[in-house]
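Right, one structure below, let's go through it.
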Amino acid sequence: MHKLSLVLLVLAATAILFLYGPLAANHPFYYDEADYMWAGKQGVVANSIDRNGIPFTEFVRKGLELSRAGSGQRQSFSQYIRGTGDIGMYRHYHGPVYAYWLAILHNLGVEQEQLFRGSGLILHLLTAALMYFAMLRLFPDMPLIGPLVATLLFLAHRTALTAATIVTQHVIFTLLTVAILAAFSQYFRSLAPRWAYFGMALTGVALATVETAVVLGGAFGLAWLIDWRRQFAQFISWGQRAAFLGRCLLSVVVGIFVVWPVGILQLNILKGYLTLVYIAVYRKTFSPIGPLELLSMKFMVAPFELGLLLVGTLLAFYLLRKQAAALPWLTFTGLFFLVLLKVTAPYTYYYAPLTTSMCVLTGLAAAEIWWQQKLYARVLVCVAVAVSVIGGTVQSTRDLAIHTNAHPPHFAVLDFVRSHPLGGQTLYLPYQFVPTLHYYLPDLKVAGYDMDWDLKRLTSEVTAPGAYERVLCEDKICAALADSLPDRVTDRQFLHPLGVNGGIFYSVRILPASGEQPK
4 MHKLSLVLLV
14 LAATAILFLY
24 GPLAANHPFY
34 YDEADYMWAG
44 KQGVVANSID
54 RNGIPFTEFV
64 RKGLELSRAG
74 SGQRQSFSQY
84 IRGTGDIGMY
94 RHYHGPVYAY
104 WLAILHNLGV
114 EQEQLFRGSG
124 LILHLLTAAL
134 MYFAMLRLFP
144 DMPLIGPLVA
154 TLLFLAHRTA
164 LTAATIVTQH
174 VIFTLLTVAI
184 LAAFSQYFRS
194 LAPRWAYFGM
204 ALTGVALATV
214 ETAVVLGGAF
224 GLAWLIDWRR
234 QFAQFISWGQ
244 RAAFLGRCLL
254 SVVVGIFVVW
264 PVGILQLNIL
274 KGYLTLVYIA
284 VYRKTFSPIG
294 PLELLSMKFM
304 VAPFELGLLL
314 VGTLLAFYLL
324 RKQAAALPWL
334 TFTGLFFLVL
344 LKVTAPYTYY
354 YAPLTTSMCV
364 LTGLAAAEIW
374 WQQKLYARVL
384 VCVAVAVSVI
394 GGTVQSTRDL
404 AIHTNAHPPH
414 FAVLDFVRSH
424 PLGGQTLYLP
434 YQFVPTLHYY
444 LPDLKVAGYD
454 MDWDLKRLTS
464 EVTAPGAYER
474 VLCEDKICAA
484 LADSLPDRVT
494 DRQFLHPLGV
504 NGGIFYSVRI
514 LPASGEQPK
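When the letters of the sequence shown are read in order and numbered with my numbering, they come out as residues 4 to 522.
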């Protein structure tokens, strides 16, 4: 049975590579991707030392200055921080672990956008292999259907595959999540402290990957409190308990230090969390939708995936609540759902670690049902998994193919810049396109106008000496410029039917004022 399961999983993994590899888009890198790629291209050493990073005290001072300033000052801050060459900014103040992966690919000679995006499938398959063999070890008496179902669901599930086919640190975070929860699970199963320390050290590595990893530490702490009777029996005195928890925290610090020394020595790991605080408090754009709206939207997009995972997870909470080895998976999933009540980022890849844990819980629930030895229940499990895997694969490959074959607006921006020599002048365009142009044309002078620039400032900037004669704008902004500069906005040229804010995208020419020299 074990050999048959391995054969089935190898066939499934091969099918995933065959189906999803070609669907990794070969588009130019856009926004987050372009910044991450720029950081990765600087190399492992540059990222490990946070080359050109501004000191932590200066980072805090600038952040406080920005929080007190008017919203229109954000762009000048962005220009300042990009002007420093701070590599942490290009990672969006995440840790460098994913940048190391990109740097290694660069060193191996990878150049194509599709290969960088598709490289996440390697990590996806590694995560699946780790999940399968970890479950075999953690739950040795469990029917083989458990790890088989969990791994099949993970291999084919849309959320993790989305993370695996774009440039995002969440694909490595997903791999680390499985490794960390497996280590915690082994600790609660055996009560051997070395597994807790190992899991905490890996949590440090995860914190040097993405800030959300703090939920993993919370999951361990919550599981420890739920399991307090066994923990108190193992660590009899308060001194022993404090020493154990202290070693756990020290393991986190060691894990961070090993992969990112300046994250500890220069407190750079705090920059990511301060950035999140700033976004939540001042930008107020971290959670643009409510939790029910988010869940409804996700369910409509991926009903085959979430339909089974939600049912399987609820069953797991009921059936596995007394299994020590399942405790970290349950607490992590529960805490992540609680986070969703506040942080409802609408990005699919953000939820890959959560749905991965749900795959494990669904597999464990399937194994519990399998134990009952009722034919109808076993048939129901097989049918539900087959429908989820096949239906989800058909839907997600279709949707991904539409995205891959699309022609996003940053294509048009690159085409425009390459066909219009700027001659050292500054091109003004929506800020979302700045990372793409910086990655492909780093010597180009560009300025991204923010969404909250008022018309007076935008008009002043695009007519100032040194500004290029053409401005890229969506229809509403173009019309506002035409009203503000009567008889000077001309030669509107269509670029793309859909700009980043939903309007038709154009380039317009700004004629010089009377008596001015032509640009």
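No residue lacks a Cβ here, since even glycine has one placed at the ideal position from N, Cα and C.
Sub-7 Å separation of residue i and residue j beta-carbons
i    : j    : result
T407 : G469 : no
A216 : L225 : no
L403 : L26  : yes
G207 : G123 : no
A49  : I90  : yes
R512 : E472 : yes
R495 : L514 : no
Y101 : Q172 : yes
T87  : N110 : no
S254 : Y200 : yes
F62  : Q269 : no
V159 : V314 : One detail in the question is off: residue 159 reads as Ala in this sequence, not Val. Cβ atoms of A159 and V314: not closer than 7 Å.
P412 : T347 : no
F191 : A319 : no
A120 : T162 : Ala is not the amino acid found at residue 120; the sequence shown has Arg there. Cβ atoms of R120 and T162: not closer than 7 Å.
Q435 : Y39  : no
L338 : G202 : no
L205 : L126 : no
Y452 : L461 : yes
Y431 : W41  : no
V503 : P438 : no
V174 : A182 : no
L9   : T400 : no
G275 : E214 : yes
L105 : G43  : yes
Cross-strand partners of residue i (DSSP beta bridge)
i    : result
E477 : F508
A483 : None, per the DSSP bridge assignment.
I513 : V492
F497 : Y509
A470 : T429
Boundaries of the beta strand (DSSP E) in which residue i is found, first to last residue
i    : result
L430 : T429 to P433
V113 : Where V113 is concerned, there is no enclosing beta strand (DSSP E), given that its DSSP letter is neither H nor E.
G451 : V449 to Y452
N-terminal and C-terminal residue of the alpha helix (DSSP H) that residue i is part of
i    : result
V314 : P306 to L322
W456 : It is not in any alpha helix (DSSP H) - W456 carries neither H nor E in the DSSP assignment.
A153 : I148 to A159
V437 : V437 to Y443
T130 : G123 to L141
A415 : P412 to S422
L194 : Where L194 is concerned, there is no enclosing alpha helix (DSSP H), given that its DSSP letter is neither H nor E.
V2   : A query on residue 2 cannot be resolved here, the shown segment of the chain reaching from 4 to 522 and no further.
G98  : Neither: G98 is in no alpha helix (DSSP H) and is coded neither H nor E.
G91  : I90 to Y93
CB contact below 7 Å: residue i versus chain C
i    : result
P445 : Here there is only one protein chain, and chain C is not present.
Pairing CB atoms from the segment 363-373 with CB atoms from the segment 152-168, are three or more of them under 8 Å?
-> A contact exists between the segment 363-373 and the segment 152-168.
In chain order, which alpha helix (DSSP H) runs of at least 4 residues are fully inside the segment 343-389?
-> The segment 343-389 is shown to contain whole alpha helix (DSSP H) runs of 4 or more residues at 355-374, in chain order.
What are the start and end residues of each continuous alpha helix (DSSP H) run of 4 or more residues lying completely inside the segment 206-244, in chain order?
-> DSSP runs (the alpha helix (DSSP H)) wholly in the segment 206-244: 217-229 and 231-237.
Any chance you could list the alpha helix (DSSP H) runs of at least 4 consecutive residues sitting entirely within the segment 22-60, in chain order?
-> The qualifying runs are 35-44 and 47-51.
Is the segment 134-145 touching the segment 343-357 in the sense that three or more CB pairs, one from each, lie closer than 8 Å?
-> In short, these stretches do not touch, since the Cβ pair count stays below three.
Using 8 Å as the Cβ pair cut-off and three pairs as the minimum, do the segment 475-482 and the segment 502-509 touch?
-> The segment 475-482 is in contact with the segment 502-509.
Is there contact here, the segment 351-363 with the segment 239-251, by at least three beta-carbon pairs under 8 Å?
-> The segment 351-363 vs the segment 239-251: no contact.
Does the segment 178-189 come close enough to the segment 374-387 that 3 or more CB-CB pairs lie under 8 Å?
-> The answer is no - the segment 178-189 does not touch the segment 374-387, with fewer than three Cβ pairs under 8 Å.
Say whether the segment 260-269 touches the segment 227-234, bearing in mind that this needs 3 or more beta-carbon pairs closer than 8 Å, one atom from each stretch.
-> Flag = no, the segment 260-269 and the segment 227-234 do not touch.
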